[in-house]
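Right, one structure below, let's go through it.
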Amino acid sequence: MSATAPAIRRIAHLDMDAFYASVELLRYPQLKGLPVVIGGGRRALDDALRAQYAELPLHEIPVAAFPLLRDYTGRGVITTATYAARQFGVGSALGLMKAAKLCPQAILLPVDFAQYRHYSQRFKAIITEIAPLMENRGVDEVYIDFTQVPGGQREGGRVLARLIQKAIFDDTGLTCSVGVAPNKLLAKMASEFNKPNGIAIVHDTDVETMIWPLACRKINGIGPKADAKLKTHGIETIGQLAAKDLQWLMDTFGQRTGAWMFDAARGRDERPIVLESEPVSISRETSFERDLHAVRDKAELGAIFTRLCEQLADDLQRKGYVGKTIGIKLKYEDFTAVTRDITIARHIADAKAIRRVAGQCLKRAPLHKKLRLLGVRMGALLSVDEAQALDFKSNQPATLMDIALTAINTGADDPLTGQLF
Ligand code: TTP
Ligand code: MG
Ligand code: MG
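Numbering-wise, the sequence shown is residues 498 to 918 according to this note's numbering.
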């Protein structure tokens, strides 16, 4: 491609390979190549294993010590399985006991969401360092706009895809698969073509050969219901869908869906990459182990409330935000809920000030019923820099004296009752 050629729109879809399982294998590399499934609510089993081999590093725990799928009883389902396990026909959403019939020798590990979230944030941070226009699509996948990124046009995007794969692997030890295409619709399909650890490149001119032979279900947006209906009309493949005229599709599926299917079957999709927006609010909430009463459990509730405010303040400070709308959420024993919020004159992020205003909110909420959940929220967020520029005084943190109540919002529900905290 010459330097003056106009950039062609190139969108990538990147999806991590066997994500939860691959993260587990980082801890337990001795399980590499073996059938492993992740699922069930049995963290305890894994803990027991670690306790039993407390003197050994995790990667030296003998393979024979790991729990096997054949010994599982319960109603858990598989979240994901290693590629070695998939050869036996087990995979996401299959019941564990059913899976045990197909692959009894598979090793079963419990889920550890905190760990997956950690790696999710890490691989995404690596991507945005290389290609800043990224759309988050959940824990293990993103869309990336390759169009203007160096290498994003070379070999249809393969050069940049390879670079990103390598950067992620070097940093995390995890592999992913990438599809690069003219748009999100085709990129999403393409990322599956060469899984795991693969790259697939699709151009406009490839739609007939690469896309039309696929089942309609491969279009992200055609779910089981639409697919079943298409089948009743003898439409199995995307090519067969593309053979239908627009009017027939609109008559059969409605104007909007019909028109969308018409375009999708031709590989047309104009959706932009949606960048992560700044958060509107940040909140913390907790459900109680037993329902708590505002009077009888006052001390306990007060402590929980204070801790929530401290956690919220930590979150805000860590992320560099301040806010001026402080809100609370209460859920009662009967599952009804109310919210209250107060907007103050200055932006704040410190725990004591938040606690004070949140306490004012609480005074405005009914407290005669037992509570099952309490939440604290900060809205009207600004970055610390913005707030300092805007908020009239110096950059000193707001003192409690500064907190003049400027607006009070009371949700429509029961009249006020309790006056606690
Ligand atoms: P996927 O990307 O669909 O699957 P995967 O990453 O495990 O495997 P692949 O190589 O085919 O992409 O989902 C990402 C994670 O989301 C997966 O590791 C576990 C979780 N998940 C569930 O918990 N339940 C499900 O039904 C699916 C599909 C995924
Ligand atoms: Mg995946
Ligand atoms: Mg995925």
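By construction, the Cβ of each residue, glycine as well, lies at the ideal position given by its N, Cα and C atoms.
These figures come from a predicted structure and were not determined experimentally.
Which residue comes first and which comes last in the alpha helix (DSSP H) that contains residue i?
i           : result
residue 854 : 848-860
residue 755 : 752-762
residue 626 : 610-627
residue 659 : 655-669
residue 596 : 593-599
Say yes only if the C-beta of residue i is nearer than 7 angstroms to one or more non-hydrogen atoms of ligand 1, and no if none qualify.
i           : result
residue 576 : yes
residue 590 : yes
residue 532 : no
residue 616 : no
residue 693 : yes
residue 517 : yes
Say yes only if the C-beta of residue i is nearer than 7 angstroms to one or more non-hydrogen atoms of ligand 4, and no if none qualify.
i           : result
residue 703 : In the structure shown, ligand 4 is absent; the only ligands present are ligand 1, ligand 2 and ligand 3.
Would the C-beta of residue i count as close to ligand 3, meaning under 7 angstroms from any of its heavy atoms?
i           : result
residue 514 : no
Does the beta carbon of residue i fall short of 7 angstroms from some heavy atom of ligand 2?
i           : result
residue 637 : yes
What residue does the beta strand (DSSP E) around residue i start on, and which one ends it?
i           : result
residue 640 : 638-642
residue 823 : 818-829
residue 845 : 834-845
residue 521 : That residue, residue 521, is in no beta strand (DSSP E); its alpha helix (DSSP H) goes 516-524.
residue 869 : 868-880
residue 783 : 779-789
residue 605 : 604-606
residue 509 : 508-513
residue 632 : 631-633
Is there a Cβ of chain D sitting closer than 8 angstroms to that of residue i, yes or no?
i           : result
residue 739 : Among the chains in the structure shown there is no chain D, since it carries only a single protein chain.
Since residue i and residue j are thought to touch, with beta carbons under 8 angstroms apart, how far apart are those beta carbons, to the nearest angstrom?
i           : j           : result
residue 491 : residue 838 : The structure shown does not extend to residue 491, since the chain spans only 498 to 918, so no value can be given for it.
residue 871 : residue 809 : Contact flag wrong, Cβ pair sits at about 12 angstroms.
residue 681 : residue 508 : 5 angstroms
residue 578 : residue 515 : 7 angstroms
residue 874 : residue 826 : 7 angstroms
residue 534 : residue 596 : 6 angstroms
residue 764 : residue 683 : 5 angstroms
residue 511 : residue 688 : 7 angstroms
residue 711 : residue 727 : Wrong, their Cβ atoms sit about 13 angstroms apart, outside the cutoff.
residue 660 : residue 642 : Actually they do not touch by this definition, with Cβ atoms about 15 angstroms apart.
residue 700 : residue 653 : 6 angstroms
residue 867 : residue 788 : 4 angstroms
residue 671 : residue 519 : 5 angstroms
residue 817 : residue 881 : 5 angstroms
residue 537 : residue 593 : 6 angstroms
residue 613 : residue 517 : 6 angstroms
residue 734 : residue 709 : 6 angstroms
residue 585 : residue 599 : 5 angstroms
residue 581 : residue 657 : With 8 angstroms as the limit, residue 581 and residue 657 do not qualify as a contact, their Cβ atoms being about 30 angstroms apart.
Pick out the complete alpha helix (DSSP H) segments inside the stretch 678-739, 4 residues or longer, and give them in chain order. 681-687, 721-729 and 735-739
Segments assigned beta strand (DSSP E), at least 3 residues, entirely inside the stretch 536-589: 575-578
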